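Trainee: Numbering (the UniProt record's numbering), first residue to last: 1 to 232. To start, I am sharing the structure in question, which I have written as structure tokens.
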Amino acid sequence: MDFHPQKCSVQSTTRSRLPIKHSYTLKGQVLERSRSTRYLGVDIESDLSWKYIDRVTKKANSMLGFLKRNLRTSNSETKSNAYIAMVRSNLDYCAIVWNPYQKEQVKKVEMVQRCAARFATNCYMNTSSVGSMLEELDWESLENRGVKLQLTLLYKVVNYLVDIPCDTYLTPMSSRTRSSHTKKFRQYSTKTYGYKYSFFPRTVTVWNSLPATVAEAPSLVSFKREISTLSF
């Protein structure tokens, strides 16, 4: 595969005020530096601030507006299915990577679903409980869905179902208690929130707290079935 220097860039991931920068060349041309890179549709910022959340929620709200205009007279089931297929699917995309941890970002993402709940139940009264609507629709929080997606990927890593080297990123714990499971891993030592809430450090913490029946599930199907009943 031949790469064109003008279509390539270099991005460093750091929050340091004085980052160490190196020049990289391709075919004798110095590559430009980028503060944000779009990879498989997801914007990755050099400081891992996840401004992508602003873009994905804006897109989700736009699609929800489209559904409201075109399904105004449809029944609740049709509206719910349309939201799940055309809005929530976008919010689930790569949530394993960008699942928010800052309160304002979590609120921004959840607000999309709360608006969708009013749309699906056709209930816009200020005195109505959106929480009750979500229960009626059987929609779990998007934050909870994101955690489950992360745990599912970690299960695949632990059981060698994906091409991510388990031994490189995970160190088994040498001891366990009666209440724990046999697949616990040493937790990461973190100094920044960006790293603490990245995939492995964040997911290992939750993984270690799982019941043995979940973490030691014999298959991916049974793992998903067990985890579907949990809340985080």
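By construction, the Cβ of each residue, glycine as well, lies at the ideal position given by its N, Cα and C atoms. Everything numeric in this text was worked out from a predicted model, so none of it was measured.
1) To the nearest whole angstrom, what separates the beta carbons of Tyr-160 and Trp-98, a pair I think is in contact under 8 Å?
2) Quick check on the burial criterion: 16 or more other C-beta atoms within 10 angstroms. Buried or exposed for Ile-44?
3) For the alpha helix (DSSP H) that Val-147 lies in, which residues bound it at each end?
4) Find out if the Cβ-Cβ distance for the pair Glu-104, Ser-141 is shorter than 8 Å.
5) Use the C-beta contact count for Met-63: other C-beta atoms within 10 angstroms, 16 or more gives buried, fewer gives exposed.
6) Between Met-173 and Leu-210, what straight-line distance do the alpha-carbon atoms span, to the nearest angstrom?
7) Between Ala-116 and Val-130, which are expected to be in contact by the criterion C-beta below 8 Å, what is the C-beta distance as a whole number of angstroms?
8) Could you tell me which residues DSSP puts in a beta bridge with Pro-172?
9) Rounding to the nearest angstrom, what Cα-Cα distance links Glu-216 and Val-158 in this structure?
10) Assuming contact is defined by CB atoms lying nearer than 8 Å, are Phe-199 and Tyr-155 in contact in what I supplied?
11) Could you please give the first and the last residue of the uninterrupted beta strand (DSSP E) stretch that includes Ser-36?
12) Alpha carbon to alpha carbon, what distance is there between Glu-143 and Thr-182?
Mentor: This is what the structure gives:
1) Reading the sequence shown from its first residue, position 160 is the one you call residue 160. Reading the sequence shown from its first residue, position 98 is the one you call residue 98. Separation of the CB atoms of Tyr-160 and Trp-98 is rounded to 25 Å, and the pair is thereby denied contact status at 8 Å.
2) Against the sequence shown, residue 44 aligns to sequence position 44. With 16 or more neighbouring CB atoms inside 10 Å of its own CB, Ile-44 falls in the buried class.
3) Looking up residue 147 in the sequence shown gives position 147. Per DSSP, the unbroken alpha helix (DSSP H) holding Val-147 starts and ends at 142-158.
4) Mapped onto the sequence shown, residue 104 falls at position 104. Mapped onto the sequence shown, residue 141 falls at position 141. No, the Cβ-Cβ distance between Glu-104 and Ser-141 is not below 8 Å.
5) Taking the first residue of the sequence shown as 1, we reach residue 63 at position 63. Taking every protein chain shown into account, the CB of Met-63 has 16 or more other CB atoms within 10 angstroms, so this residue is buried.
6) Numbered from its first residue, the sequence shown carries residue 173 at position 173. Numbered from its first residue, the sequence shown carries residue 210 at position 210. Looking at the two C-alpha atoms, the distance is approximately 15 Å.
7) Against the sequence shown, residue 116 aligns to sequence position 116. Against the sequence shown, residue 130 aligns to sequence position 130. Wrong, their Cβ atoms sit about 10 Å apart, outside the cutoff.
8) Residue numbering aside, residue 172 sits at position 172 when the sequence shown is read from its first letter. In DSSP, Pro-172 forms a bridge with Phe-185.
9) In the sequence shown, residue 216 corresponds to position 216, counting from 1. In the sequence shown, residue 158 corresponds to position 158, counting from 1. Taking the straight line from one Cα to the other gives about 10 Å.
10) Here residue 199 corresponds to residue number 199 of the sequence shown, with the count starting at 1. Here residue 155 corresponds to residue number 155 of the sequence shown, with the count starting at 1. Contact: no.
11) What you label residue 36 is simply residue 36 of the sequence shown in a count that begins at 1. Ser-36 -> beta strand (DSSP E) spans 36-39.
12) To locate residue 182, count along the sequence shown from 1; it is residue 182. To locate residue 143, count along the sequence shown from 1; it is residue 143. When only Cα atoms are considered, Thr-182 and Glu-143 end up about 27 Å apart.
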